[in-house]
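Numbering (the numbering used here), first residue to last: 9 to 330.
From the three backbone atoms N, C-alpha and C, an ideal C-beta is built for every residue, glycine too.
Comments concern the structure below.
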């Protein structure tokens, strides 16, 4: 627990001071809130410059969460380049190494996400997905344990597709035939899907959780790492690239990833993920969250509409699923 007390984290500045003291780092000379644009859906974010010139960032969860220390130590011990964790408590606050640069989301928005940035992003995901597990194991990497079980990835895809059925019947009944085509495609490719090795996944991969600079691309915000199918994570990132205004992941990303990615299976995973997200309770939950920053709410509304728009075109894109 890094020398911190349990209980309410307290006011952000007080928490920042406690975490810095517990870490043995020098005192801060300036502190700045950095989530005013609504990027922190689940956390308050503050950045501090220390007397030795280093920068750190504090993430303070809006709900109490266990210290991520053991989870981060496990990931880093297995070659996963998470930001360094300096101190944390069991009330949801953690002090991290600050990764300089801008988020990939900002880079896309301001037009600076060039081929090099995307290649580095692909390489960062490839490095993560290189940490593999035996076939059929999936589950969560919790704060102090691995909760893994044998899972048939084909059954998971088909079950997720079936679970979206009520939403489809209510909101997109014209997709019934297209989704049946997707179901048959998944069943036909079952052997290929089952032979794919699961790996460590970031668990919340999106353009806001990737920082790019002149030297590298880094994944940040490791709250939900898990073991699962790399294609599931790649399809989620492909979807988020679309949500930020692109057609999907550019070819330069796959150049950096430099591992075989069957594009038809990637599309099947994306269709299942898109319909599953639309059918989930996330959107109603966010609508009922009064504490959600206006900027975040606006972004989520745009994402929801883009997902709905993309779903309409599923009958056209499935022509590549043979």
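Residue i - DSSP class collapsed to helix/strand/coil
i: residue 102; result: strand
i: residue 219; result: strand
i: residue 319; result: helix
i: residue 82; result: helix
i: residue 65; result: strand
i: residue 96; result: strand
i: residue 11; result: The predicted position of residue 11 is uncertain, since its pLDDT is 42 and thus under 50; a value taken from the coordinates is nonetheless stated next. Note: residue 11 maps to coil in three-state DSSP.
i: residue 307; result: helix
i: residue 225; result: strand
i: residue 72; result: coil
i: residue 213; result: coil
i: residue 90; result: coil
i: residue 269; result: coil
i: residue 197; result: coil
i: residue 22; result: helix
i: residue 179; result: helix
i: residue 107; result: coil
i: residue 297; result: coil
i: residue 330; result: coil
i: residue 290; result: helix
i: residue 312; result: helix
i: residue 185; result: helix
i: residue 285; result: helix
Residues that residue i bridges to, as DSSP identifies them
i: residue 155; result: 148
i: residue 40; result: 55
i: residue 208; result: 235
Sequence-distant residues of the same chain with beta carbon closer than 6 angstroms to residue i, five excluded per side
i: residue 60; result: 34
i: residue 168; result: 280 and 284
i: residue 258; result: 126
Sequence-distant residues of the same chain with beta carbon closer than 8 angstroms to residue i, five excluded per side
i: residue 217; result: 111, 210, 227, 228 and 229
i: residue 24; result: 36, 39, 54, 56, 66 and 103
i: residue 202; result: 143, 144, 160, 161 and 162
i: residue 323; result: 182, 183, 185 and 186
i: residue 166; result: 191, 194 and 195
8 angstroms contact criterion, which residue i and residue j should meet: CB distance rounded
i: residue 220; j: residue 128; result: 6 angstroms
i: residue 50; j: residue 31; result: Actually they are not in contact, since the Cβ atoms of residue 50 and residue 31 sit about 22 angstroms apart, beyond 8 angstroms.
i: residue 89; j: residue 22; result: Going by Cβ atoms, the distance from residue 89 to residue 22 rounds to 31 angstroms, so no, they are not a contact pair.
i: residue 326; j: residue 189; result: 5 angstroms
i: residue 244; j: residue 329; result: Their Cβ separation, rounded to whole angstroms, is 19 angstroms, which puts residue 244 and residue 329 out of contact at 8 angstroms.
i: residue 250; j: residue 294; result: So it is not a contact: roughly 19 angstroms between Cβ atoms.
Residues near residue i by beta carbon distance below 7 angstroms, same chain, minus five either side
i: residue 342; result: Beyond the ends of the chain as shown, which are 9 and 330, falls residue 342; an answer cannot be given.
i: residue 84; result: 90
i: residue 15; result: Unreliable positioning characterises residue 15 in this predicted model, as indicated by a pLDDT of 42, which lies under 50. A coordinate reading is not provided.
i: residue 234; result: 147, 148, 149, 209 and 211
i: residue 274; result: 239, 242, 243 and 246
Check: residue i C-beta below 7 angstroms from any heavy atom of the ligand ATP
i: residue 305; result: The model depicted lacks the ligand ATP and carries no ligand whatsoever.
Segments of 4+ residues assigned as alpha helix (DSSP H) that fall wholly inside the stretch 110-149: 112-118 and 123-137
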